[in-house]
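Q: Supplied in structure tokens, the structure appears directly below.
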Amino acid sequence: MTSLFAIVDGNNFYASCERVFNPELEGRPVVVLSNNDGAVIARSNEAKALGIKMGVPAFEIKDLVRRHDIKVLSSNYELYGDMSRRVVETLSRFTPNLEIYSIDESFLDLGDFYNVDLNEYARTIKETVKRWTGIPVAVGVAPSKTLAKVANRISKKSAKANGVLVLTDERHIEEALKRTEVADVWGIGPRYTRKLAAFGITTAWHLRNVTDAFARKHLTVVGLRTVRELRGMSCIDLEMVPAAKQNICTSRSFGKTLTELGDIRGALATHTVRCASKLRSQKSCAGVLTVFLQTSRFNDPGQCYFNSRTIKLDCPTSSELELLRYATGALQSIYREGYRYKKAGIILQDIVPDNQVQLNLLCSPNIDRDMKLMRALDSLRDRFGHKSVRYGVQGIKEEWALKQENVSPCFTTRLEDIIRVRS
DNA sequence: TCTGGGGTCCTAGGACCC
DNA sequence: TCTGGGGTCCTAGGACCC
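Below you can see the structure in the form of structure tokens.
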């Protein structure tokens, strides 16, 4: 074996971020809710112990909250994003060969670290992150990413491992796989779990031992890769440079249902501006735009409406002015009076690098002007926040604003919040 | 009353072309 | 008029991730 990966993942990440700045939350059950305070998306260990499941609607746990004095927080992505950056910064001191996999997980390529004491090294990573950022993490080390995920998972459940597990020894790998349900393997979702159960495959160890032909047939080439990774053969490389996104989507449920086109247009315009910012930050232009609008999925069938409109742009662009024009036009064409709308959004596709845009006769004559304006807007928003410059169409009163009843201050990124907290 | 948001990749099938 | 196969491109749908 030559390859070696570590995965470092923040324990109950959002709840832990909140705890770093609010010691009162220590030792208490804490849950963090999704946008609009809809559903539970993060739980402290104490909250998990009370049986609160991932994704349950907030209203379903009201009794539990009262009885156990659970601290319920709205999500604060500005805070979590900044804490995530600090964790990555810390990890990058250990190796530059690092992949930021998600807001709370990074893979490290430990390449030829076979001659160091891996247990001690992994423990040093864990303790350093805790000391420098306040975030508790778990570290799993193994010859493939998929096995590292298995190690990481067990490290959190086993008191003996206490957040650090190295799986390089064949006997240990076998034992770990036998203890891991197939549903908990990275890459095996609910559908495959059911399918595999029909063949009597219920543990990661069973899955490791299927034939290549079986894996290929029932789980496609993706599943075959997973099986090989479970055997210790590394098939999924570290991606140090994040690939440019091929789709960029911004959508939100409204804080309350909306009926008026003007209010919905305000929300969609704001999503469009955000989406265009994301597009420009990866130096791309989009050639296709989709706008969608929908009522609640939980409405009676007669009151359900979903529609979308996809438009091929005359010329790929990242100009908010142009995208706003297309988006509001598309919205107009799918809006129907008489429904109570819950959500709207925009998806940008056919994304190309901004220096490879094919110009043609239909392109806007204002490209240079728009790009200068976008640069100015980007730098203003960078300094003063994304709400500092707005278009008229976004509206002043945000009828659609998120419901956030208990959001914590942005302790690390907003001066006004920091001042407020300290006084 | 209240039920998240943002992504990726693979496959199968049809259209179309030579 | 009939015969055949192979290739590419696109799209929809299905699976997964956090």
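At position 318 of the first sequence (counting the first as 1) the number is 318 in UniProt numbering, and the numbers step up by one without a gap. The beta carbon of each residue, even a glycine, is placed where N, CA and C say it ideally should be.
Between Leu110, Pro136, Gly345 and Glu416, which lies nearest to leucine 4 when the distance is taken from Cα to Cα?
A: It is Leu110 whose Cα lies nearest to the Cα of leucine 4.
Q: Under the three-state reduction of DSSP, which class applies to glutamine 349: helix, strand or coil?
A: The answer is strand: DSSP assigns glutamine 349 an E or B state.
Q: Hey, how far is the Cα of alanine 122 from the Cα of lysine 157?
A: The alpha-carbon atoms of alanine 122 and lysine 157 are separated by roughly 17 Å.
Q: Look at the Cβ atom of isoleucine 351, then the Cβ atom of threonine 290, and state whether they are nearer than 8 Å.
A: No, the Cβ-Cβ distance between isoleucine 351 and threonine 290 is not below 8 Å.
Q: Do the CB positions of serine 75 and serine 16 come within less than 8 Å of each other?
A: Against a cut-off of 8 Å, the Cβ pair of serine 16 and serine 75 comes out as no contact.
Q: Does DSSP put glycine 140 in a helix, in a strand, or in coil?
A: DSSP places glycine 140 in strand when its eight states are reduced to three.
Q: Taking the beta carbon of valine 221 as the centre, do at least 16 other beta carbons fall within 10 Å, making it buried, or is it exposed?
A: The residue is exposed, with fewer than 16 neighbouring Cβ atoms inside 10 Å.
Q: Just checking serine 281 against the ligand MG - is the residue's beta carbon closer than 7 Å to any of the ligand's heavy atoms?
A: Absent from the structure shown: the ligand MG. Ligands present: none.
Q: Three Cβ pairs or more, each shorter than 8 Å: is that satisfied between the segment 210-225 and the segment 187-196?
A: Contact holds: three or more Cβ-Cβ distances are below 8 Å.
Q: State the Cα-Cα distance for the pair leucine 331 and glycine 232, rounded to the nearest angstrom.
A: Approximately 50 Å between the Cα atoms of the pair.
Q: Residues in the same chain with beta-carbon distance under 8 Å from isoleucine 61, minus the five sequence neighbours each way, listed in chain order, please.
A: Within the same chain, isoleucine 61 has close Cβ partners Val31, Val40, Ile52 and Ile70.
Q: Tell me, please, which residues DSSP counts as bridged to asparagine 307.
A: DSSP lists Leu293 as partners of asparagine 307.
Q: Just to confirm my understanding: we take residue 426, look at its own chain, exclude 5 residues before and 5 after, and list those with CB closer than 8 Å. What are they?
A: Nothing about residue 426 can be read from this structure; the chain reaches only from 1 to 423.
Q: Using a Cβ-Cβ cut-off of 6 Å (strictly less than) and excluding sequence neighbours within five positions of arginine 274, which residues of its own chain qualify?
A: Thr250.
Q: Along the chain, where does the alpha helix (DSSP H) containing isoleucine 367 start, and where does it finish?
A: Where isoleucine 367 is concerned, the enclosing alpha helix (DSSP H) stretches over 367-384.
Q: What span of residues does the beta strand (DSSP E) with glycine 51 cover, start to end?
A: Premise fails: glycine 51 is in no beta strand (DSSP E) and is neither H nor E.
Q: List the residues that DSSP assigns as beta-bridge partners of glycine 255.
A: Glycine 255 is not bridged to any residue.
Q: Label tyrosine 77 either buried or exposed according to how many other C-beta atoms from any shown protein chain fall within 10 Å of its C-beta, with 16 as the threshold for buried.
A: The residue is exposed, with fewer than 16 neighbouring Cβ atoms inside 10 Å.
Q: So lysine 312 and glycine 287 are in contact, right, with Cβ under 8 Å, and what is the actual spacing, rounded?
A: 7 Å between Cβ atoms; contact.
Q: Buried or exposed for isoleucine 396, going by 16 or more other Cβ atoms inside 10 Å?
A: By the neighbour-count rule (16 or more Cβ atoms within 10 Å), isoleucine 396 is not buried but exposed.
Q: Between glycine 27 and the rest of its own chain, which residues show a CB-CB distance below 8 Å, the 5 nearest in sequence each way excluded?
A: Contacts found: Glu46.
Q: By Cβ distance below 7 Å, which residues in the same chain neighbour tyrosine 305 in space, the five residues on each side in sequence not counted?
A: So the list reads Gln294, Thr295, Arg336 and Tyr339, once near-sequence residues are dropped.
Q: Output the boundary residues of the beta strand (DSSP E) element that contains glycine 10.
A: Run containing glycine 10: 5-10, per the beta strand (DSSP E) assignment.
Q: Take every Cβ of the segment 94-112, pair it with every Cβ of the segment 5-12, and state whether three or more of those distances are shorter than 8 Å.
A: Judged by Cβ distances under 8 Å, the segment 94-112 makes contact with the segment 5-12, as three or more pairs qualify.
Q: Please report the straight-line C-alpha distance between lysine 130 and leucine 118, rounded to a whole angstrom.
A: Rounded to whole angstroms, lysine 130 to leucine 118 spans 18 Å at the Cα level.
Q: Write down every uninterrupted run of the beta strand (DSSP E) in the segment 386-415 whose length is 3 residues or greater and which is fully enclosed by it, in chain order.
A: Qualifying beta strand (DSSP E) stretches: none in this window.
Q: Using only alpha-carbon positions, find the residue among Val116, Leu108, Asp112 and Trp132 that is nearest to valine 139.
A: Here the closest residue by C-alpha is Leu108.
Q: Would valine 210 and leucine 177 qualify as a contact pair, given that the criterion is a beta-carbon distance under 8 Å?
A: For valine 210 and leucine 177, no; Cβs fall outside 8 Å.
Q: Hey, serine 253 and lysine 343 are a contact pair by Cβ (cut 8 Å); roughly how many whole angstroms apart?
A: With 8 Å as the limit, serine 253 and lysine 343 qualify as a contact, their Cβ atoms being about 5 Å apart.
Q: Going by the beta-carbon positions, is the gap between alanine 267 and tryptophan 400 smaller than 8 Å?
A: Contact flag set, yes.
Q: Quick one: residues in its chain with C-beta nearer than 8 Å to the C-beta of valine 393, no 5 flanking neighbours on either side, listed in chain order?
A: Arg265, Gly266, Ala269, Leu324 and Thr328.
Q: Rounded to whole angstroms, what's the CA-CA distance from valine 241 to phenylalanine 13? Just pull it up for me.
A: C-alpha separation (whole angstroms): 23 Å.
Q: According to the Cβ coordinates, are valine 65 and valine 72 closer than 8 Å?
A: Result yes, Cβ atoms of valine 65 and valine 72 sit closer than 8 Å.
Q: With distances taken Cα to Cα, identify the nearest neighbour of tryptophan 186 among Asn162, Asn152, Gly163 and Phe214.
A: Nearest of Asn162, Asn152, Gly163 and Phe214 to tryptophan 186, Cα basis: Asn152.
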